[in-house]
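Chemist: Each position in the sequence shown, counted from 1, maps to that position plus 9 in the numbering used here. Cβ atoms here follow ideal geometry from the backbone N, Cα and C, with glycine treated the same way. Have a look at the structure that comes next, please.
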Amino acid sequence: LGEFMKFIMGESVKEAINALDGMLMESTWRMEEVLNHAGLSSVAGAADLLAIKGSAEDDEATREARIAQIKQIWKPWTLEQKQSFLRAVEETREDPYNPPIPAMDITPYGMEDATEKSKLKLRLRTGDG
């Protein structure tokens, strides 16, 4: 049972870890802007973070190395500083509500998403009447 629970716990946080890693990778594209926006340009490690430059075209090994560098520099930071940094990554995007890398289309081959084409009209009962 112990191994099963470890597996379940590991799987449950995987998406959150991937999102964090994605935001850290994204920060390398505009680190100076992120640090200034978050008010963290003078904290310990800020100069080291500024030296980390990346792009969306980086290979996986390079991305992982840069993410590991950022996490190492982050260690002495407070929770509030880390939150401010991540908030700045979102707020300095062209569109703060959408990540800069488009979502993948995972529609199976031969299938089509007809959500927008649907002329189906629905009446929902809300329970109020």
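1) Short of 6 Å in beta carbon distance, which residues of its chain neighbour V43, apart from the five on each side in sequence? Order them along the chain.
2) Tell me which same chain residues have a C-beta within less than 6 Å of the C-beta of P105, skipping the five on either side of it?
3) Less than 8 Å between the CB atoms is what I'm expecting for A65 and I26, so what's the real figure, rounded?
4) To the nearest angstrom, how far is it from the Cα of M32 to the Cα of I82?
5) Quick one: grab the DSSP three-state call for I82.
6) For L33, name the three-state secondary structure that DSSP assigns.
7) Just how far apart, CA to CA, sit S50 and G119?
Modeler: Taking the geometry as given:
1) Residue numbering aside, residue 43 sits at position 34 when the sequence shown is read from its first letter. Closer than 6 Å at the Cβ level, and outside the excluded window around V43, lie S36, A97, V98, T101.
2) As a position in the sequence shown, residue 105 is number 96, starting the count at 1. Same-chain partners within the cutoff: E99.
3) Taking the sequence shown and counting its residues from 1, the one referred to as residue 65 is at position 56. Taking the sequence shown and counting its residues from 1, the one referred to as residue 26 is at position 17. Incorrect: roughly 19 Å between the Cβ atoms, too far for contact.
4) Counting from one through the sequence shown, the residue named residue 32 turns up at place 23. Counting from one through the sequence shown, the residue named residue 82 turns up at place 73. So the alpha carbons of these two residues sit roughly 15 Å apart.
5) By one-based count along the sequence shown, residue 82 stands at place 73. Helix, per DSSP.
6) As a working mapping, residue 33 is identified with position 24 in the sequence shown. Three-state result, L33: helix.
7) On the sequence shown, residue 50 is found 41 positions in, with the first residue counted as 1. On the sequence shown, residue 119 is found 110 positions in, with the first residue counted as 1. The straight-line gap from Cα to Cα measures roughly 50 Å.
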